[in-house]
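Q: Going down the list, the protein sequences come from chains A and B. All letters in the first sequence, in the order written, are residues 1 to 429 by the working numbering. All letters in the second sequence, in the order written, are residues 430 to 858 by the working numbering. Backbone N, C-alpha and C define an ideal beta-carbon position, used for all residues, glycine too. Everything numeric in this text was worked out from a predicted model, so none of it was measured.
Protein chains: 2
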Amino acid sequence: MSASQRTARKRVVIVGMGFGGMHAARELAGSQCEVLLLDRNNYHLFQPLLYQVATAGLEQESIAYPLRALIRNWYNLQFQMREVTGLDLDGKRVLTDKGAVEYDYLILAGGSVTNFFGNAGVARHAFDLKRLADAERLRNAILTTFELAVQEADAQKKRELLTFVVVGGGPTGVEFAGALAELIRYVFRKDYPSLRLAESRVVLLEAAPTLLGAMPERLRRYAGQRLQQMGVEVRCNTLVADASEGEVRLGSGEIIASRTLFWSAGVKAAPLADLVPGTKGPGGRVPVQPDLSLPGHDEVYVVGDMACVLHNGAPLPMMAPAAMQQGRHVARSIICRERGETAEPFRYFDKGSMATIGRSSAVATAFGLSCSGFVAWLVWLFLHLYYLIGFRNRVVVLLNWAWYYWFHERQVRLITADDKGNASGGADG
Amino acid sequence: MSASQRTARKRVVIVGMGFGGMHAARELAGSQCEVLLLDRNNYHLFQPLLYQVATAGLEQESIAYPLRALIRNWYNLQFQMREVTGLDLDGKRVLTDKGAVEYDYLILAGGSVTNFFGNAGVARHAFDLKRLADAERLRNAILTTFELAVQEADAQKKRELLTFVVVGGGPTGVEFAGALAELIRYVFRKDYPSLRLAESRVVLLEAAPTLLGAMPERLRRYAGQRLQQMGVEVRCNTLVADASEGEVRLGSGEIIASRTLFWSAGVKAAPLADLVPGTKGPGGRVPVQPDLSLPGHDEVYVVGDMACVLHNGAPLPMMAPAAMQQGRHVARSIICRERGETAEPFRYFDKGSMATIGRSSAVATAFGLSCSGFVAWLVWLFLHLYYLIGFRNRVVVLLNWAWYYWFHERQVRLITADDKGNASGGADG
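Rendered as structure tokens:
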């Protein structure tokens, strides 16, 4: 459908339905614009809880929400499952695997991918957590190492199987390390009574001098101490040089024998950013104007992890709250412009940040205040449930959390490998 | 560990943790025997609800139960995730991918696999439902055809995408066809408003003159009528000759253009049966003595779909109730023998059978009585919840069913493909 054949209603195309794209779409719902959402997946993924899928705490379905369920109630929203292959900014067209799409306004919200900083060994051997399939793969790997370890006679191999290396002391690394340590301590201890707790190790490596660098000193200390109490070996000032099958090599030359390496030490803009002409900022992010539009193309907006937005002189962190605010901002800007009003520049409102460490334990900052422990954990719980989309998802997630809280039990510890052959043995019926 | 090194306690090895193996294990829990469970998966799968996973009604995790959660409370049960590669019946050893295991008693409960009757075209192009991954794959395929169809300009290709062929009018075929028809009618109609309901077809093919051949005439007629009311094209006396990409060829030479072929027209004993010496019965099933032991090896039992057990002159159907009864029976036989008592021959108690057709609609027979409609549906619901293992699973399944019942909504309509590349476009963050 060409733009000329359409009605006078302006068409907004949103590429990527993460937090940025999703919040832009919600803001534009019911507006005078015709909105087309494009994503390669048919769901919105609640990435902050991926680590709980990876540690057998939640079923993957409970943190994803079908986009068609979202758009159903809005006559002006449309969704198409497509892969973007190019941008024709002068022709105002998005090129996709299923043909070109014309737009009047374009919102690019492709998010980010894991940054292995060009380290091929790490990229090949490490797990990361950006997509739903990543979380299932990591959960399968963790459970499989324990099933192998319990049958392993060789002490050295067993130790290698039961050593988990987590790289990156940001919120994702801290949350994953804590959840994994608790999985081992509370659940696996009962599942594998023949393995001693001391045989397994969770090692958290951070290149900087402290964990959670963006947090106040007191919370950083608290997080480090809590993790250590839970049995996590926290090693700051430690760089990873390389990884191979069964080995993680540190910058110092030290080798940690481990089969499972989890990498959360960096993100960079999604490959969609490469399709945008012009030089990129740090992390491959697209530099934007103060109103989040692309220089020279004020009908094209870039939001979320992909956008390099300066705040107090530094690029905004690649976090969900920034993406949500930006998504809403550009949607409102488009509505303003269509009314003939002038759009405001984007102003980031820092709501603070948080990380959960374990059961009843988290750190959080907000409005200059900071808290830790049970209260922070309750705040974390409430906010994550609030931002999770779909009432049914909230119920399932809450049910799982309550289960874990009271029974110390995580029931999604299934190895759902895809490579199950049709070989003999095992139950087929 | 060799048998001689062990204590005087006898070791029972159970291969396969489907319904037969699971019920044998539960019966042996707390007994004087040491019981080792082997399975290639780390969970018990509730196969009767696989079709609901495939039609976006349930998350896959809710119908699987971790075996280690099951054995945890019983000191005499052990589990090892292993693949059986051979049987040394004279040496009383099971050979596995991780070494040999000795036994005093062996229970073979490998279940069944889909029988394509040697038709290579069908085997390559058809979906089946035996394992958890099958259900996820089929759900992804169904959802993907709709996402493609909504963007397809060519009417012929669109029709091909929206045509679903179900082969086999037994309970699985009937349940799947009904659930798919309802998914399209209640959920996809709202998700894809631009597609007309009449454009999609669900065709149910059965080689015999009626559906549900094992059921009384009245129920067969009811099931056929209900399915047709729901928009399913029911064609009996119809054989499938072959299948290729986008085509299903019938015995009559007629070709149905369809991208999705679901095969539930036959099962056969799992490949584990091939490892048992001796000639096999129909469907590759292992002929057994009246006490379910292997002729010449009274310490080896075969139960469930793998066993060819005669009842009123015909082999028992390959169904969960038979497997459960047999599993419990052999477990009790072993306990009897260890007490020096004589084990009874197995007697099958026919509890009847049932199939759900859609919301508020099912057929059931029990104790010579038969019922259909809402009452049968309630019975079906209750029994499936009862036999589903794990309280949390029951809550999640009941929640999903209530959701669907009241809101006509199935929320697990996610395309969780594994082959998501790292290409540009789509939301990565």
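Please list the segments of the beta strand (DSSP E) lying wholly inside the segment 744-790 of chain B, counting only runs of 3 or more residues, in order along the chain.
A: 783-787
Q: Compute the distance between the beta-carbons of L50/A and A135/A, then report whether it is under 7 Å.
A: yes
Q: Rounding to the nearest angstrom, what Cα-Cα distance links P315/A and T85/A in this structure?
A: 27 Å
Q: Taking the beta strand (DSSP E) that Q507/B belongs to, which residues open and close that run?
A: 506-510
Q: In chain A, which residues lie with their C-beta within 8 Å of the C-beta of R501/B?
A: Neighbours of R501/B on chain A, chain order: K190, D191.
Q: Does the Cβ-Cβ distance between A606/B and V661/B come in under 7 Å?
A: yes
Q: Count the other CB atoms, across all protein chains shown, that sit within 10 Å of the CB of T172/A; report buried if there are 16 or more and exposed otherwise.
A: buried
Q: For Q580/B, which residues in chain A fall below 9 Å Cβ to Cβ?
A: Q80, M81, R82, K98, G99
Q: If you draw a straight line from the C-alpha of S433/B to the C-alpha of V53/A, how long is it?
A: Any reading at S433/B is ruled out, since the residue's pLDDT is 43, under 50, leaving its predicted position unreliable.
Q: What number of angstroms, rounded off, separates the C-alpha of S431/B from the C-alpha of P724/B?
A: For S431/B, the pLDDT reaches just 46, beneath the cut-off of 50, and the residue's location in the model is therefore unreliable, leaving the point undetermined.
Q: Rounded to whole angstroms, what is the Cα-Cα separation between G449/B and C33/A?
A: 59 Å
Q: Give me the subset of the segment 364-387 of chain A whose CB atoms are less than 8 Å from a CB atom of chain B, sorted by chain position.
A: none
Q: What is the C-beta distance between L162/A and S200/A, in whole angstroms, given that I count them as a contact (C-beta under 8 Å)?
A: With 8 Å as the limit, L162/A and S200/A qualify as a contact, their Cβ atoms being about 4 Å apart.
Q: From which residue to which residue does the alpha helix (DSSP H) around H384/A run?
A: 374-387
Q: Just list the residues that DSSP pairs L255/A with in beta bridges.
A: A quick correction: the sequence has Ile, not Leu, at residue 255/A. R249/A, per the DSSP bridge assignment.
Q: Check whether the segment 592-599 of chain B touches the segment 636-643 of chain B, taking contact to mean three or more Cβ pairs, one atom from each stretch, closer than 8 Å.
A: yes
Q: CA-CA distance, F79/A and V530/B?
A: 55 Å
Q: Measuring only between beta-carbons, confirm whether V729/B sits less than 7 Å from chain A.
A: no
Q: Do you know whose CA, among V150/A, L292/A, A402/A, Q225/A, lies nearest R196/A's CA?
A: V150/A
Q: Please name the residue in G528/B, I536/B, R568/B, S623/B whose C-alpha comes closest to that of E152/A.
A: G528/B
Q: Are A29/A and L67/A close, meaning C-beta to C-beta below 7 Å?
A: no
Q: Hey, could you find the ends of the beta strand (DSSP E) A672/B is sitting in?
A: That run of the beta strand (DSSP E) goes 669-673.
Q: Using a Cβ cut-off of 7 Å (strictly closer), state whether I844/B contacts chain A.
A: yes
Q: How long is the line joining the alpha carbons of G802/B and F775/B, rounded to whole angstroms?
A: 34 Å
Q: Look at the alpha carbon of K351/A and the alpha carbon of A366/A, and state the distance between them as a whole number of angstroms.
A: Roughly 5 Å separates the two Cα atoms.
Q: For L414/A, which option in R9/A, A223/A, N140/A has the closest C-alpha, if you only look at C-alpha atoms?
A: Nearest C-alpha to L414/A: N140/A.
Q: Spatial neighbours of M230/A within its chain, please: CB distance less than 8 Å, with the 5 preceding and 5 following residues excluded, ordered by chain position.
A: Here the set comprises G178, A181, E182, R185, I357, G358.
Q: Please check the pair L430/A and L378/A, which I expect to be a contact at CB under 8 Å, by giving their CB distance rounded to whole angstroms.
A: A query on residue 430/A cannot be resolved here, the shown segment of chain A reaching from 1 to 429 and no further.
Q: Rounded to a whole number of angstroms, what is the C-alpha to C-alpha distance between V363/A and A270/A?
A: 29 Å
Q: If I measure Cβ to Cβ from F116/A and keep anything under 6 Å in the same chain, skipping five residues before and after, which residues do I get?
A: Answer for F116/A: V122, A123, listed in chain order.
Q: So within the segment 92-120 of chain A, which uninterrupted beta strand (DSSP E) runs reach at least 3 residues, ignoring any that extend past its ends?
A: 93-96, 99-102, 105-108, 112-114
Q: Between A672/B and L138/A, what straight-line distance do the alpha-carbon atoms span, to the nearest angstrom?
A: Cα to Cα, the separation comes out at about 36 Å.
Q: Going by DSSP in three states, P287/A sits in which element: helix, strand or coil?
A: The three-state reading of DSSP puts P287/A in strand, counting E and B together.
Q: DSSP three-state label for F796/B, please.
A: coil
Q: Whole angstroms is fine: what's the gap from G769/B's alpha carbon to S361/A's?
A: 57 Å
Q: Is the distance from the Cβ of M306/A to the Cβ of V267/A below 7 Å?
A: no
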